[in-house]
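So the structure is just underneath, and the comments pick up after that.
Protein chains: 2
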Amino acid sequence: MTFKRMQLFVLSLTFTVALGGLAVAQSILPLSSWKEGKTKQSIIEFVADVTKNGSPSFVPPAERIAVFDNDGTLWPEQPMYFQLFFAIDRLIKLAPQHPEWKNKEPFASVLKGDLKAALAGGKKSMFEILKATHAGMTEAEFEVLVKSWITTAKHPTTKRLYKDMIYQPMLELLTYLRANNFKTFIVSGGGVEFMRAWAEEVYGIPPEQVVGSSIKTEFEIINEKPVLMRLPEPNFITDKKGKVISINLHIGRRPIAAFGNSDGDLQMLQWTTAGTGRRFALYVHHTDNEREWAYDRMSSVGHLDKGLDEAQAKGWTIADMKKDWKIIYPHELK
Amino acid sequence: MTFKRMQLFVLSLTFTVALGGLAVAQSILPLSSWKEGKTKQSIIEFVADVTKNGSPSFVPPAERIAVFDNDGTLWPEQPMYFQLFFAIDRLIKLAPQHPEWKNKEPFASVLKGDLKAALAGGKKSMFEILKATHAGMTEAEFEVLVKSWITTAKHPTTKRLYKDMIYQPMLELLTYLRANNFKTFIVSGGGVEFMRAWAEEVYGIPPEQVVGSSIKTEFEIINEKPVLMRLPEPNFITDKKGKVISINLHIGRRPIAAFGNSDGDLQMLQWTTAGTGRRFALYVHHTDNEREWAYDRMSSVGHLDKGLDEAQAKGWTIADMKKDWKIIYPHELK
């Protein structure tokens, strides 16, 4: 190797190292869709505190568990939960095989396009719709159905694919935490298999880090092949206290950071912040009626009342979508 | 930088790269407690097939899920499940607070030291013992109890700490798989919280990768602090078909490799090998009455009958402890 070539070699090495440093810096510093201010600062300070070697708040990488609610926290939940749109799309597709639905609620109202009437029966109606659309097939078949829906179905208001309606600032937050050796989990009231079908592609969260509500399944051998059949019976609802129970059962370690948007996430935030050492809790507050939806204490979907009081009392971070987020969705990126 | 210094710099870089390569080679080649032969070869060939870029059997790292039974697969289960020793040790400790146990089975027999009589009632007796020893405290309190037991309690036959009685060849297998970017999970009929208290230290498997049987828990706020209380009610038993149901619920992705030792693992091995692409299943066969225990078709603990037939018929790997393992426990390492 001549001196000249060696010089180039060293230069290129230095350049690579520098670029490597830059890549890290870029993924650590940014949160570029978050406006400068108290909210963004509280996130950055927390991450700095728990990751800096020698800091009194240092947390070893294995214990850097962050849990995220999904509906209303990572993507919208208006005018109703997106999984319910999936159920209704599927109900309409199945209707020709179920002539009896024309005279049976809540199906009759769904087929007439009157969702308000269909859901008037509350949780019971919702569960009837879920039973008819989410059970009676194998896990593998269900996955195919969801994957097909998520790549084609569009939101009634925005006319965009649901999977393109994820919150860009939250996506950057997931990336930022992972770049700092956090393990990011979803802990949501949504169906666990529904979310797993696209969470890895959309959020970079692998199936084993998705925790959600479930129905019972049954192991059977059909034509010498083992299958898991989805049964029309609830197994567990990962909401409110159920979020903490699920975190304990699935993760087995108390998170050090939790992110939610409703009273359904309150116990998860309480559980997370009650641990020893440095902790972080953030509520996404839906305040932007122009770019998204504005709702909190009076809304049935994403009801945020007690949680808002407790967040203010305890000094948890409240992300005001209108004030704290430069953009909402990835398509707004320039 | 002078030419000399630059030369040294380049040399040191090259050296680091070479050392890096060596470190990988060292952790990939060994399985040093496995004797050379068909069994060891089948493991190495499988790993080579799924990890070699461009191989028709290549599996991306994210999908390299390996599941391990615990009792009888990673550590012994004779003369009875180690968790039952924990339960009995605890029962004896609690006895002074429960004078009524003296006249109530299965407690009376346990306290008399007659375990055979105590367990004569089968699962019902076992569950009575578990209820009395595994519930009625918070998750945090239970963890402290298990951690204290696992660092002090000794096995009646070997007089060694239970946590030192793990199978060295299986430990090397876990390390080998992880060095090849596998994610290793425990999927065991044992209690999930019992195993999590020591699995990370002993096997290098973090809590979120431990799947096991569970009892119900309840979220409560006591003195303004949220706690999870352990209730004397079963939640789910991760055995037989339940292993597949738990894999689906907790991991959400079909494993490509599964390791077990009894008929209780059969469905897990069936489920794993029924996936498309290259798959691997291994049964640990307890054949060594001198160094460990020898049992299979006639044993109630670790009953291996149908599984042995199916393994032979389907060409799964059978690890014969006597013939395939140079040593059993870590203390035999020279």
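Quick mapping for you: the protein sequence lines, in order, are chains R and W.
Each step along the first sequence adds one to the number in the working numbering, with nothing skipped, and position 275 is 275.
Each step along the second sequence adds one to the number in the working numbering, with nothing skipped, and position 266 is 266.
Heads up, the beta-carbon is just placed ideally off N, CA and C, and yes, glycines get one too.
Computed from a prediction, not measured in an experiment: that's the story for all the values here.
For residue j and residue i, the rounded distance between their alpha carbons
i	j	result
W/Tyr-81	W/Gly-191	11 Å
W/Thr-16	W/Pro-30	Reliability fails at W/Thr-16, whose pLDDT of 35 lies under 50, so the model's placement of it is uncertain and the value that follows must be treated cautiously. Computed Cα separation, rounded: 22 Å.
R/Gly-20	W/Ala-48	Here the model assigns R/Gly-20 a pLDDT of 39, short of 50, so the residue's position is not dependable, and the following value carries that caveat. Approximately 30 Å between the Cα atoms of the pair.
W/Ile-237	R/Ile-44	42 Å
R/Ala-108	R/Ile-150	25 Å
W/Gly-302	W/Glu-77	7 Å
W/Leu-174	R/Asp-288	50 Å
W/Glu-193	W/Gly-212	8 Å
R/Lys-102	R/Pro-96	10 Å
W/Pro-99	R/Thr-217	43 Å
R/Asp-309	R/Glu-224	56 Å
W/Ile-186	R/Ser-214	21 Å
W/Gly-121	W/Ile-129	11 Å
W/Phe-86	R/Lys-241	30 Å
W/His-250	W/Phe-219	20 Å
R/Val-59	R/Lys-123	41 Å
R/Asn-53	R/Thr-152	46 Å
W/Arg-254	R/Trp-198	16 Å
Where the alpha helix (DSSP H) containing residue i begins and where it ends
i	result
W/Glu-233	First-last for W/Glu-233: 225 to 236, but that is the beta strand (DSSP E), not the alpha helix (DSSP H).
W/Lys-183	It is not in any alpha helix (DSSP H) - W/Lys-183 instead sits in the beta strand (DSSP E) that spans 183 to 191.
R/Lys-241	241 to 246
W/Ala-311	306 to 314
W/Glu-141	139 to 150
W/Asp-49	38 to 51
W/Tyr-167	No alpha helix (DSSP H) contains W/Tyr-167, which DSSP labels as neither H nor E.
R/Val-110	107 to 111
W/Ile-328	Looking at the DSSP string, W/Ile-328 is not in any alpha helix (DSSP H), and its letter there is neither H nor E.
W/Arg-90	82 to 94
R/Trp-271	266 to 273
Residues of its chain near residue i, where Cβ-Cβ distance is below 8 Å and the 5 sequence neighbours each way are ignored
i	result
W/Glu-178	According to the sequence provided, residue 178 of chain W is Arg. The question's Glu does not apply to it. If we look at W/Arg-178 and ignore the five residues flanking it on each side, its Cβ neighbours are Thr-184, Gly-204.
W/Pro-330	Asp-164, Ile-166, Gln-168, Leu-171
W/Leu-145	Arg-90, Met-137
W/Asp-324	Trp-34, Lys-35, Gly-37, Thr-39, Lys-40, Pro-169
R/Asn-181	Thr-51, Pro-61, Arg-64
R/Lys-112	none
Residue i, enclosing beta strand (DSSP E) - first and last residue
i	result
R/Val-211	210 to 222
R/Phe-68	65 to 68
W/His-285	280 to 285
W/Ala-120	No beta strand (DSSP E) holds W/Ala-120; DSSP gives it neither H nor E.
W/Leu-260	First, the amino acid is wrong: residue 260 of chain W is Gly here, not Leu. W/Gly-260 -> beta strand (DSSP E) spans 257 to 260.
W/Ala-294	Careful: W/Ala-294 lies outside any beta strand (DSSP E) and carries neither H nor E.
W/Asp-320	317 to 320
Beta-carbon contacts of residue i that lie in its chain and below 6 Å, excluding the five residues immediately before and after
i	result
R/Arg-291	Ile-328
R/Ile-318	Tyr-283, His-285, Ala-311
R/Thr-276	none
R/Ala-117	Ser-109
W/Gly-315	none
R/Ala-257	Ala-66, Phe-280
W/Glu-105	none
W/Lys-131	Pro-232
W/Lys-322	Thr-287, Asp-288
R/Ile-28	Confidence at R/Ile-28 is low in this model, with a pLDDT of 42, below 50, so the placement of that residue is unreliable and no value is reported for it.
R/Asn-235	Ser-214, Ile-215, Lys-216
Residues near residue i by beta carbon distance below 7 Å, same chain, minus five either side
i	result
R/Pro-207	Arg-196, Glu-200
W/Leu-333	Gln-168, Ile-327
W/Lys-306	Asp-263, Leu-266
W/Gln-270	none
W/Val-202	Lys-163, Ile-166
W/Leu-22	Only weak support is given to the placement of W/Leu-22: the predicted model assigns it a pLDDT of 39, under 50, and the question is left unresolved by the model.
- Message: Is it the case that the region 64 to 74 of chain W contacts the region 259 to 269 of chain W, given that we only count it when at least three CB pairs across the two stretches are under 8 Å?
- Response: yes
- Message: Closer than 7 Å between beta carbons: that is the criterion. Which residues of the region 217 to 234 of chain W meet it against chain R?
- Response: Thr-217, Phe-219, Lys-225, Pro-226, Leu-228
- Task: Could you list the residues in the region 246 to 267 of chain W with a C-beta less than 7 Å from some C-beta on chain R, going in chain order?
- Result: Asn-248, Leu-249, His-250, Ile-251, Gly-252, Arg-253, Gln-267
- Message: Across the region 124 to 144 of chain W and the region 218 to 230 of chain W, are there enough close Cβ pairs to call them in contact, namely three or more that are closer than 8 Å?
- Response: yes
- Output, in sequence order along the chain, the residues in the region 61 to 82 of chain W whose CB is closer than 7 Å to any CB in chain R. Ala-62
- Query: Name the residues in the region 201 to 214 of chain W whose C-beta lies less than 7 Å from a C-beta of chain R; which are they?
  - Reply: Pro-206, Pro-207, Glu-208, Val-210, Ser-214
- Item | Short-range partners of chain R found in the region 133 to 160 of chain W, where Cβ spacing is below 8 Å | Glu-139
- Item | Interface positions of the region 176 to 198 of chain R facing chain W (Cβ-Cβ less than 9 Å), listed along the chain | Lys-183, Phe-185, Val-192, Glu-193, Arg-196
- Query: Using a Cβ cut-off of 7 Å, which residues of the region 299 to 328 of chain W contact any Cβ in chain R, in chain order?
  - Reply: none
- Cβ-based contacts, 9 Å cut-off: residues of the region 39 to 60 of chain R near chain W: none
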